[in-house]
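To keep things clear, I will list the structure first and then write my remarks on it.
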Amino acid sequence: MHAAELCFRLKPRAKPTEEPTRAIHDFLWSLERNGQLVPDTTRIDVETRNGCRVFALIPESTSLRRSRFDRHVHEVLQRLEDCGIDPPAIRVLGRAPDSDPVCACMRSTSLILRTDFLSGELPLTCGQCRGIVPFYRFDPTSECATYEDIIFWMYQYRAFDSIWIASRGGEKLAYRELTRHDSELTKDGLEVCGAIEKHTRRPVYYYLLRFHGRFVAAERKRPCPSCGGAWLLKRRWHGKYDFRCRRCRLVSNIACEAV
């Protein structure tokens, strides 16, 4: 991933048709839902009467090219013009420290949907090279022709993960959502996987968390929780996944607590 700076300037003697700050926020959101900004990484650093400076993470150095703008981005860009704001001056600052590399495969054999509350990365990784996969590499997945269904699932997952880690009262409920194959969170995630698979024509696996468990031997005998079939792998996949069910599109691991 790369860090980028977007500078918004208010034209002299401009007469805005709406609140400029609102239009800027909507423009940034339109870039997020179009896959051009990494969600939840946007920060407004300096805000003055003449405009503001925004820092954000982008998947690739070329992510903010105008050729990638969809109709939603163009519509909000016009609103910026109506507010008397020049199109943002964009500067790519360089690769973000400690960020994972972006997928460099010509054609991925499979994809994995996974995130957690500490992650600042996109939630989709390549099943071949383990690199991050930018959303705009495939067609929009939501009903409104954006990637917001993936983003909303990501926010929801991170919220449950945060509750499980940091909360006593909601820990059991959150853990159930994260670990059950039939939880609403998992159902939403599998629906997102299906939408991505439809456009990529590649298997898209959903990561099912597994933390609590007593013995490794017992864990290795666990069947797929969805179909009941065998899903233990002979070798760990990417050093993370002990289980994979091709039929149900699920991957998981031996319980972290197991001995």
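Its first residue numbered -9, the sequence shown is counted upward by one per residue in the working numbering. Glycine residues also receive a C-beta, built at the ideal position from the N, C-alpha and C atoms.
Classified as buried, SER242 has 16 or more neighbouring CB atoms from the shown chains inside 10 Å of its CB. Within its own chain, the residues whose Cβ lies closer than 8 Å to the Cβ of VAL36, once the five positions on either side in sequence are excluded, are CYS42 and ARG43, listed in chain order. The criterion of a C-beta distance shorter than 8 Å is not satisfied by PHE107 and SER53. The beta carbon of THR190 is closer than 6 Å to those of PHE128 in its chain, skipping five residues each way along the sequence. One Cα belongs to TRP227, the other to GLU187, and the distance between them is close to 20 Å. In this structure, CYS235 keeps its C-beta atom at 8 Å or more from the C-beta atom of PHE201. Excluding residues up to 5 positions away in sequence, ARG166 and GLU167 lie with their Cβ nearer than 8 Å to the Cβ of SER173 in the same chain. For LYS1, the three-state secondary structure derived from DSSP is coil.
Between CYS183 and LEU103, the CB-CB gap stays under 8 Å. Counting every other CB atom within 10 Å of its CB across the protein chains shown gives MET144 a total of 16 or more, marking it as buried. Sixteen is the threshold: when 16 or more other Cβ atoms of the shown chains lie within 10 Å of the Cβ of GLU22, as they do, the residue is buried. DSSP links ALA46 through a beta bridge to ALA(-6). Excluding the 5 residues flanking it on each side, ARG120 has same chain C-beta neighbours closer than 6 Å at HIS228, in chain order. Looking at the DSSP output, CYS235 shares a beta bridge with LEU240.
Rounded to whole angstroms, the gap between the alpha carbons of PHE17 and TYR137 is 15 Å.
In the same chain as ALA79, and ignoring 5 residues on each side of it, the C-beta atoms closer than 7 Å to its own belong to CYS(-3), in chain order.
Under the rule that a run must span 4 or more residues, the alpha helix (DSSP H) segments found entirely inside the region 199 to 236 read 206 to 210. Secondary-structure assignment with DSSP links THR115 through a beta bridge to ILE102 and ILE122. Runs of the alpha helix (DSSP H) spanning 4 or more residues and lying entirely within the region 121 to 187 occur at 138 to 156 and 161 to 169, in chain order. Of the residues assessed, LEU83 falls on the exposed side of the cut-off, its CB having fewer than 16 other CB atoms within 10 angstroms.
Of the residues assessed, ILE14 falls on the buried side of the cut-off, its CB having 16 or more other CB atoms within 10 angstroms.
With at least 16 other beta carbons inside 10 angstroms of its own, CYS238 counts as buried.
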